[in-house]
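Trainee: The structure that follows is given in the form of structure tokens.
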Amino acid sequence: MSRPIVAVVGRPNVGKSTFINALAGKACAKTGNKPGVTKGKQWIRLNKNVELLDTPGILWPKFEDQTVGLRLAFIGSIKDEILNTEELAMEMITFLTEKYPGVLEEKYSVEISEDSYECLRRIAESRHCLVKGNELDTEKAAKLLLDDFRNGRLGRITLETPENN
Numbered sequence: 408m409s410r411p412i413v414a415v416v417g418r419p420n421v422g423k424s425t426f427i428n429a430l431a432g433k434a435c436a437k438t439g440n441k442p443g444v445t446k447g448k449q450w451i452r453l454n455k456n457v458e459l460l461d462t463p464g465i466l467w468p469k470f471e472d473q474t475v476g477l478r479l480a481f482i483g484s485i486k487d488e489i490l491n492t493e494e495l496a497m498e499m500i501t502f503l504t505e506k507y508p509g510v511l512e513e514k515y516s517v518e519i520s521e522d523s524y525e526c527l528r529r530i531a532e533s534r535h536c537l538v539k540g541n542e543l544d545t546e547k548a549a550k551l552l553l554d555d556f557r558n559g560r561l562g563r564i565t566l567e568t569p570e571n572n
């Protein structure tokens, strides 16, 4: 008798392995808050009748709409190592100040300006992100902002709404 086989596929860093672990009721598949944790295919037996195939995330090689790529970068589906984190954080600041006014002020106790780099500097100052010589570490502040967003510490935020799809 053949067993039903279910493959779990999707974009990187959307919770495929977490979903499998929830179904299995235990940590069978390795998970992490970054893309690329699942390196290859992995079979997980739910019971004697059902097996699941956990797969690495799949991205198409080119985005026609750059907003799609930006949103995927925001949520961590594109590896931070290949991105300019400060530029990504400044895009995040622009998005948040436009769509979710007050979120950054509340979270980081900063005054928001029109200049997203200045906002990033203020976040670095607020969070004491410093390098040698007491210079502001905007790279560290950028990583902190993206991490706060990805872990839900900025509140419930959606990147897409029906009118902009």
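Start counting the sequence shown at 408; every next residue gets the next number (our numbering).
Glycine included, C-beta positions come from ideal geometry on N, C-alpha and C.
Note that the coordinates shown come from a computational prediction; the quantities given were computed from them, not determined experimentally.
If you draw a straight line from the alpha carbon of residue 508 to that of residue 456, how long is it in whole angstroms?
Mentor: Your numbering for residue 508 matches position 101 in the sequence shown. Your numbering for residue 456 matches position 49 in the sequence shown. Rounded to whole angstroms, residue 508 to residue 456 spans 51 Å at the Cα level.
Trainee: So, helix, strand or coil for residue 496, using DSSP?
Mentor: Taking the first residue of the sequence shown as 1, we reach residue 496 at position 89. Residue state, collapsed to three classes: helix.
Trainee: Residue 531 and residue 522: beta carbons closer than 8 Å?
Mentor: The count along the sequence shown starts at 1 and reaches residue 531 at position 124. The count along the sequence shown starts at 1 and reaches residue 522 at position 115. Not closer than 8 Å, so no.
Trainee: Would you mind listing the beta strand (DSSP E) stretches within the region 517-545 that are 3+ residues and don't spill past its ends, in chain order?
Mentor: Qualifying beta strand (DSSP E) stretches: none in this window.
Trainee: Out of 473, 477, 564, 453, point me to the one whose CA is closest to residue 504's CA.
Mentor: Here residue 504 corresponds to residue number 97 of the sequence shown, with the count starting at 1. Among 473, 477, 564, 453, the Cα nearest to that of residue 504 belongs to 564.
Trainee: Nearest CA to the CA of residue 436: which residue from 459, 418, 417?
Mentor: Taking the first residue of the sequence shown as 1, we reach residue 436 at position 29. For the residues 459, 418, 417, the minimum Cα distance to residue 436 belongs to 459.
Trainee: Per DSSP, which one or two residues make a beta bridge with residue 475?
Mentor: Here residue 475 corresponds to residue number 68 of the sequence shown, with the count starting at 1. None; residue 475 has no bridge partner.
Trainee: Taking residue 479 and residue 500 to be in contact with their CB atoms under 8 Å, please state how far apart those CB atoms are, rounded to whole angstroms.
Mentor: Stepping through the sequence shown from its first residue, residue 479 is reached at position 72. Stepping through the sequence shown from its first residue, residue 500 is reached at position 93. Actually they do not touch by this definition, with Cβ atoms about 18 Å apart.
Trainee: For residue 498, which residues of its own chain have a beta-carbon under 7 Å away from its beta-carbon, when the five flanking residues on both sides are left out?
Mentor: Taking the first residue of the sequence shown as position 1, residue 498 is located at position 91. So the list reads 477, once near-sequence residues are dropped.
Trainee: CA-CA distance, residue 560 and residue 549?
Mentor: Numbered from 1 along the sequence shown, position 153 holds the residue referred to as residue 560. Numbered from 1 along the sequence shown, position 142 holds the residue referred to as residue 549. Near 14 Å, if we compare the C-alpha coordinates of residue 549 and residue 560.
Trainee: What span of residues does the alpha helix (DSSP H) with residue 513 cover, start to end?
Mentor: Against the sequence shown, residue 513 aligns to sequence position 106. Taken as a continuous stretch (DSSP letters only), the alpha helix (DSSP H) holding residue 513 covers 510-515.
Trainee: Which same chain residues, not among the five before or five after residue 413, have their C-beta less than 6 Å away from its C-beta?
Mentor: On the sequence shown, position 6 is the one that residue 413 refers to. These residues qualify, in order along the chain: 459.
Trainee: Start and end of the alpha helix (DSSP H) containing residue 453?
Mentor: Indexing the sequence shown from 1 puts residue 453 at position 46. Neither: residue 453 is in no alpha helix (DSSP H) and is coded neither H nor E.
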